[in-house]
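K.L.:
Residue numbers (this note's numbering), protein chains in the order written: chain A, 91 to 205; chain B, 250 to 364.
By construction, the Cβ of each residue, glycine as well, lies at the ideal position given by its N, Cα and C atoms.
Since this is a predicted model, take the numbers as computed values, not measurements.
Once you've had a glance at the structure underneath, I'll fire off some questions.
Structure, rendered in structure tokens:
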């Protein structure tokens, strides 16, 4: 079985500050890991994905995440927050190579950006 | 634009009724997954269809059923609606092949309200 835990249901930062959203995963097989963003009344948009290549993954909108097997973590970061980054962020895990793509999602972290 | 379209965008049904939600997958994709996202929660996997056959199912009762058509579009049917079925229903399409799987691309969702 696979699961992800997102630490903190809400994260509040000032515009220009570092964004750090935490995700820890549990998987019995080498995982694929994803971060999705959801704006109000919208579907999910893929920010970035880890598929067993480089452990530091760069995504869209200046976000990046680092896969740390020893810590079973895949935290999402952005050096400088913009007001437009305010949204719900979901970490997800699926089986790696050879597995069916059925990601399991965390409960989400709401990012609040203050002017 | 992801290319995954869902209809309708909003729907209100009465408890006990039946509902059908529709999804057109992105061009070139052969797999459709359905998720239920309750307010303030992460998406929960309902089931996945690959080449018109159910390819995996989450912890949902049999009154949740689906179909995938030869053009890879899909329907989600829910019978005997309950108040707790009120949620955003998300469809995601992807490609599964012998040598590669793609990530899921999500539609905008259908907001179902059961009264």
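Bridge partners for residue 305 (chain B) per DSSP, in chain order?
P.N.:
B:297.
K.L.:
Would you give the residue range spanned by the beta strand (DSSP E) that residue 168 (chain A) belongs to?
P.N.:
Taken as a continuous stretch (DSSP letters only), the beta strand (DSSP E) holding residue 168 (chain A) covers 163-168.
K.L.:
Work out the CA separation of residue 144 (chain A) and residue 110 (chain A) for me, nearest whole Å.
P.N.:
Their Cα atoms are separated by approximately 20 Å.
K.L.:
Whole angstroms is fine: what's the gap from residue 92 (chain A)'s alpha carbon to residue 151 (chain A)'s?
P.N.:
Distance between the alpha carbons of residue 92 (chain A) and residue 151 (chain A): 28 Å.
K.L.:
For residue 278 (chain B) versus residue 344 (chain B), is the C-beta distance shorter than 8 Å?
P.N.:
In contact: residue 278 (chain B) and residue 344 (chain B) (Cβ atoms closer than 8 Å).
K.L.:
From the DSSP output, in three-state form, read off residue 266 (chain B) for me.
P.N.:
In this structure, residue 266 (chain B) counts as coil in the three-state DSSP scheme.
K.L.:
Which first and last residues belong to the beta strand (DSSP E) in which residue 362 (chain B) is found?
P.N.:
Its beta strand (DSSP E) spans residues 359-363.
K.L.:
Using a Cβ-Cβ cutoff of 7 Å, what residues of the segment 318-344 of chain B are near chain A? List them in chain order.
P.N.:
Listed by position along the chain: 339 and 343.
K.L.:
With DSSP as the reference, please indicate the residues paired to residue 202 (chain A) in a beta bridge.
P.N.:
Answer by DSSP bridge pairing, in chain order: A:102.
K.L.:
Return the CA-CA distance between residue 319 (chain B) and residue 273 (chain B), expressed in angstroms with no decimal places.
P.N.:
Roughly 12 Å between the two C-alpha positions.
K.L.:
Within its chain, find whatever has a CB closer than 7 Å to the CB of residue 248 (chain B); leave out the 5 residues flanking it on each side and keep chain order.
P.N.:
The structure shown does not extend to residue 248 (chain B), since chain B spans only 250 to 364, so no value can be given for it.
K.L.:
Just to make sure I have the definition right: I need the residues of chain A whose C-beta is within less than 9 Å of the C-beta of residue 314 (chain B). Which are they?
P.N.:
In chain order: nothing, as chain A lies at least about 18 Å away.
K.L.:
Contact criterion: CB-CB distance below 8 Å. Does residue 192 (chain A) meet it with respect to chain B?
P.N.:
Taking Cβ atoms only, chain B reaches closer than 8 Å to residue 192 (chain A), which makes this a yes.
K.L.:
By DSSP, does residue 337 (chain B) sit in helix, in strand, or in coil?
P.N.:
Residue 337 (chain B) falls in the strand class under three-state DSSP.
K.L.:
On the DSSP bridge list, what partners appear for residue 259 (chain B)?
P.N.:
DSSP lists B:360 as partners of residue 259 (chain B).
K.L.:
What in chain B is Cβ-close to residue 139 (chain A), meaning under 7 Å?
P.N.:
In chain order: 352.
K.L.:
Sorted by chain position, which residues of the same chain lie with C-beta nearer than 8 Å to residue 198 (chain A)'s C-beta, five sequence neighbours on each side aside?
P.N.:
Contacts found: 96, 99, 128, 178, 179 and 180.
K.L.:
Give me the Cα-Cα distance between residue 329 (chain B) and residue 321 (chain B), rounded to the nearest whole angstrom.
P.N.:
So the alpha carbons of these two residues sit roughly 26 Å apart.
K.L.:
Can you check whether the CB of residue 357 (chain B) is closer than 8 Å to the CB of residue 255 (chain B)?
P.N.:
Cβ distance < 8 Å, so residue 255 (chain B) and residue 357 (chain B) count as in contact.
K.L.:
By DSSP, does residue 152 (chain A) sit in helix, in strand, or in coil?
P.N.:
If DSSP states are grouped into helix, strand and coil, residue 152 (chain A) belongs with the helices.
K.L.:
Using a Cβ cut-off of 7 Å, which residues of the segment 125-154 of chain A contact any Cβ in chain B, in chain order?
P.N.:
Per Cβ criterion, the list reads 132, 133, 134, 136 and 139.
K.L.:
Please state whether DSSP places residue 160 (chain A) in a helix, a strand or coil.
P.N.:
The answer is helix: DSSP assigns residue 160 (chain A) an H, G or I state.
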